[in-house]
Structure formats: structure tokens, C-alpha cells
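So the sequence shown is numbered by the working numbering: it starts at 16 and just counts up by one.
Just so it is clear, CB atoms sit at the ideal spot from N, CA and C, and this is done for glycine as well.
Since this is a predicted model, take the numbers as computed values, not measurements.
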Amino acid sequence: MAAFKRSRRLYDKKAISQVLRRGRRIERGGLVVYFQSSDNSASRLAVVVSKSVDKRAVRRNKIRRQISEIMRGLIFGIKKPLRIIVRVLPEASKADFGRLKNALEEIFVNINNLKI
Numbered sequence: 016m017a018a019f020k021r022s023r024r025l026y027d028k029k030a031i032s033q034v035l036r037r038g039r040r041i042e043r044g045g046l047v048v049y050f051q052s053s054d055n056s057a058s059r060l061a062v063v064v065s066k067s068v069d070k071r072a073v074r075r076n077k078i079r080r081q082i083s084e085i086m087r088g089l090i091f092g093i094k095k096p097l098r099i100i101v102r103v104l105p106e107a108s109k110a111d112f113g114r115l116k117n118a119l120e121e122i123f124v125n126i127n128n129l130k131i
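Here it is in C-alpha cells:
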């Protein structure tokens, strides 16, 4: 399991705050996905797991890796290039990989059906 290429990561603070403030949002299964159309040729992704999810960094990093792995398969199915932020809520810390995957798949079906 390798990290996303730098070209696929959303790491610019200004871009992240813009997506959070002006982007659309969908919430399912302890995950909130913020998204906004992008000028880039490829979609970019950021995963946010705060300390409110779990005090232990090991657990937060595990959740972040699981979300990244799920997104690896889903990001190529997105029709238009988007800037995407996946925010993990505390209730998602109790979910297993399958439930997280189902929630993200459901969210991305909705995103693909929206006119952005």
C-alpha cells in the first residue's frame, strides 16, 4: 500500500480551506466528504482524522490508511476532476473496513450523479 502521488494529494492549506468553506458536502456513515470542481486534470484528495476520533495516533493513522486505500479505487471512477476532502467523524472509528468502503462508495455514486 503506497501513498498517493503528490499530483493526487491536496496539501495546499489555501486550497483545503477553500474546499471546506465553498465546496459541497455529503455525510454518510461517520464520514463527511467535501468536494469542489478543480481546474487540474486529475482529482486531488486529502484525508482529515482529528484527535476527537481517537487519542492514539496509531489508530488515527490506521483509519487514514484505510480511507486512502478505499479512495485509491474510487478516485478513478470520478467523471470530473475534483478537489476532495474526506473528514472522519468519531463514530467512524468503530466502523470496520467494509463499512467505511460502503459509505464512501455510496457517497461517490451520489457525487457522480450530481451536476458539478
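In this structure, what does DSSP give as the bridge partners for residue i?
i: L60; result: R24 and I99
i: L46; result: R43 and V103
Tell me the residue span of the beta strand (DSSP E) that contains residue i.
i: L129; result: Here L129 belongs to no beta strand (DSSP E), and DSSP marks it neither H nor E.
Under three-state DSSP, which class holds residue i?
i: M16; result: Because M16 sits at a pLDDT of 49, beneath the cut-off of 50, its placement in the model cannot be relied upon, and the following sentence gives the value as read from the coordinates. Coil at M16, not helix or strand.
i: S67; result: coil
i: S52; result: strand
i: K109; result: helix
i: N31; result: This sequence places Ile at residue 31; Asn is not what is there. Helix at I31.
i: L115; result: helix
Does the distance from the CB of residue i to the CB of residue j come in under 8 Å?
i: V64; j: I78; result: yes
Report task. Say whether the stretch 111-126 touches the stretch 43-59, bearing in mind that this needs 3 or more beta-carbon pairs closer than 8 Å, one atom from each stretch. Result -> As far as the Cβ criterion goes, the stretch 111-126 touches the stretch 43-59, which means the pair count is three or higher.
Requested in this report: Determine contact between the stretch 29-37 and the stretch 64-81, defined as no fewer than three beta-carbon pairs at a distance below 8 Å.
Outcome: Judged by Cβ distances under 8 Å, the stretch 29-37 makes no contact with the stretch 64-81, as fewer than three pairs qualify.
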